[in-house]
Amino acid sequence: MKTIGITMNLSKHHAYSVACQLIDLLEKKNVPFYLEKEMAEQLKYHRAGIVLEEFPQKVDVVFVLGGDGTLLGVARQLAKYDLPILGINVGNLGFLSEAEPSDLSTAVDRILNGDYCIEKRLMLDAELIRDGKVIERDIAFNDIGIAKGSFSRMITCRVHMDGLYLGTYSGDGVIVSTPTGSTAYSLSCGGPIVWPGIHTILLTPICPHTLTSRPMVLPKDGILEVQVNATHNEMGLTIDGQVGYSLQSGDVIRIQGSACYTQLIKWKERSFFEVVRKKLHGENK
Numbered sequence: 095m096k097t098i099g100i101t102m103n104l105s106k107h108h109a110y111s112v113a114c115q116l117i118d119l120l121e122k123k124n125v126p127f128y129l130e131k132e133m134a135e136q137l138k139y140h141r142a143g144i145v146l147e148e149f150p151q152k153v154d155v156v157f158v159l160g161g162d163g164t165l166l167g168v169a170r171q172l173a174k175y176d177l178p179i180l181g182i183n184v185g186n187l188g189f190l191s192e193a194e195p196s197d198l199s200t201a202v203d204r205i206l207n208g209d210y211c212i213e214k215r216l217m218l219d220a221e222l223i224r225d226g227k228v229i230e231r232d233i234a235f236n237d238i239g240i241a242k243g244s245f246s247r248m249i250t251c252r253v254h255m256d257g258l259y260l261g262t263y264s265g266d267g268v269i270v271s272t273p274t275g276s277t278a279y280s281l282s283c284g285g286p287i288v289w290p291g292i293h294t295i296l297l298t299p300i301c302p303h304t305l306t307s308r309p310m311v312l313p314k315d316g317i318l319e320v321q322v323n324a325t326h327n328e329m330g331l332t333i334d335g336q337v338g339y340s341l342q343s344g345d346v347i348r349i350q351g352s353a354c355y356t357q358l359i360k361w362k363e364r365s366f367f368e369v370v371r372k373k374l375h376g377e378n379k
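Numbering (my numbering), first residue to last: 95 to 379.
Here it is as structure tokens:
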């Protein structure tokens, strides 16, 4: 019998009723489960509460109640562990989620019966280097954004891969993304949609001040180094759009494919292309 770990976005009111339904289902099926501690406190279910950092030692599968942002945050926190994650969409787009509140019972049965597959999704390691020293390290599931702030003047990103000069991009910055992130910020900047089974790194310029800059598809084993320069310090580094670091002119951001992968639970009959059609094109078939 699998033990289920459950976490949720506490700011989404709809998530509370879905969480209660899920807990009721698991109890009726005598499925052991734990709740992320703050969630357990909010639901007055203290006996099942543990901190997220304990999930790897106590659960076999993680259910995430929320939208894509919630799942991104959990994926980063659990990056070092091979814990399968099932997204249950109580957000808006829910591109990464596989289950909906309307099919909770079916989703639980499928997990218990092993009726699913696991997609290993590439993640990215990032290091912020200033004056030759690494001052910050982080990991991204979707993308790493290097961009100007509210200041209207351009920044310049000089990019090398494995020590070889790749190109210089002047504009609002660049996005370095995983195939999972190809349908996020990179897509809105003109980047390609990449099937997640292809482990590659995307480099997409943000509003480049040129007619010739184009997105690039690069090997996951390549090491990118992006040096930023500007006449101002209104620049920032963002991880999945959720974690941010201030940049200074001359800083270098080193990015490479991570040894960690996010284990996303997917239904076998539901293809990536179907998700793209339904979520991005609004098709119902």
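Idealized CB from N, CA, C, for every residue including glycine.
Counting pairs of Cβ atoms below 8 Å between the stretch 149-169 and the stretch 96-107, do you hit three or more?
In short, these stretches touch, since the Cβ pair count reaches three.
Could you name each continuous beta strand (DSSP E) segment of 3 residues or more that falls completely within the stretch 306-376, going from the start of the chain to the end?
List check, beta strand (DSSP E) in window: 310-313, 318-323, 329-333, 337-341, 346-360.
Contacting residues, own chain, Cβ-Cβ under 8 Å from V369 (five flanking each side not counted):
F189
Quick check on the burial criterion: 16 or more other C-beta atoms within 10 angstroms. Buried or exposed for N186?
exposed
Nearest to E213 by alpha carbon, out of A201, R247, V268, D176?
It is D176.
Is it the case that the Cβ atoms of K123 and I205 are separated by a distance below 8 Å?
no
Which of helix, strand or coil does DSSP assign to V168?
helix
For E194, which residues from the same chain have a beta carbon less than 6 Å from its beta carbon, with the 5 sequence-adjacent residues on both sides left out?
The answer, listed in chain order, is N183.
Is I205 helix, strand or coil by DSSP?
helix
Q357: which of T262, Y339, V158 sits nearest, CA to CA?
V158
Close-in-space but distant-in-sequence residues of the same chain around I287 (CB under 7 Å, 5 per side omitted)
S276, T277, L281, V370
So the beta strand (DSSP E) A193 belongs to, where does it begin and stop?
Run containing A193: none; DSSP gives neither H nor E here.
What did DSSP end up calling C211 once you bin it into helix, strand or coil?
strand
Would DSSP call C114 helix, strand or coil?
helix
The stretch 324-331 in contact with the stretch 339-350 per 3-pair CB rule at 8 Å
yes
Which residue from P126, A142, M133 puts its Cα closest to that of H107?
M133
How would you call E192, buried or exposed, if buried means at least 16 neighbouring beta carbons within 10 angstroms?
Counting Cβ neighbours within 10 Å, E192 comes out buried, since at least 16 surround it.
By how many angstroms is the C-alpha of H293 removed from the C-alpha of K314?
6 Å
Buried or exposed by the 16-neighbour rule on C-beta atoms within 10 Å, applied to R141:
Here R141 is exposed, its C-beta having fewer than 16 other C-beta atoms within 10 Å.
Could you check the C-alpha separation between R364 and T274 for me, to the nearest Å?
One C-alpha to the other measures close to 16 Å.
Give the secondary structure of K227 by DSSP, where H, G and I count as helix, E and B as strand, and everything else as coil.
Here K227 sits in strand by DSSP.
Between V337 and the rest of its own chain, which residues show a CB-CB distance below 7 Å, the 5 nearest in sequence each way excluded?
If the five residues before and after V337 are omitted, its C-beta is found closer than 7 Å to the C-beta atoms of D232, all from its own chain and listed in chain order.
Could you tell me the distance, in whole angstroms, from the CA atom of Y210 to the CA atom of G285?
Rounded to the nearest angstrom, the two C-alpha atoms are 30 Å apart.
Could you tell me which residues DSSP pairs with N183 in its beta bridges?
G160
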